[in-house]
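Just below is one structure, and these are the notes that go with it.
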Amino acid sequence: MAYTAADLAALKANIAKGVTSLEVAGEKVTFRSLDEMLKLAAVIEAELDAGLSRRGGLHLPTFSRG
23 MAYTAADLAA LKANIAKGVT SLEVAGEKVT FRSLDEMLKL AAVIEAELDA GLSRRGGLHL
83 PTFSRG
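Heads up, the sequence shown is in our numbering, so the first residue is 23 and it goes up one at a time.
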């Protein structure tokens, strides 16, 4: 499932409020506990971080004259 930064922000906002139901990635989700919400937040953060690292960085080639 592809999560967005907006999904993570909404989840964190609901964690702060103590609300256990929200819409994530277009689906209404009801959580059983705060711990379950925190675990999903960690999963989303990891997925978003992995997406950033997969894009790669800037590569500057170097040349030598001899």
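For glycine and all other residues, C-beta sits at the position ideal for the given N, C-alpha and C.
Check	Outcome
Buried or exposed: which applies to residue 29, given that a residue is buried once 16 or more other Cβ atoms fall within 10 Å of its Cβ?	buried
What's the gap between the Cα of residue 24 and the Cα of residue 40?	24 angstroms
Spatial neighbours of residue 37 within its chain, please: C-beta separation below 8 angstroms, excluding the five flanking residues on both sides.	56, 59, 60, 63
So, at 6 angstroms on beta carbons, what are the nonlocal neighbours of residue 43 in its own chain, with the 5 sequence-adjacent residues on each side left out?	52
What residue from 66, 84, 72 has the CA that sits closest to residue 31's CA?	66
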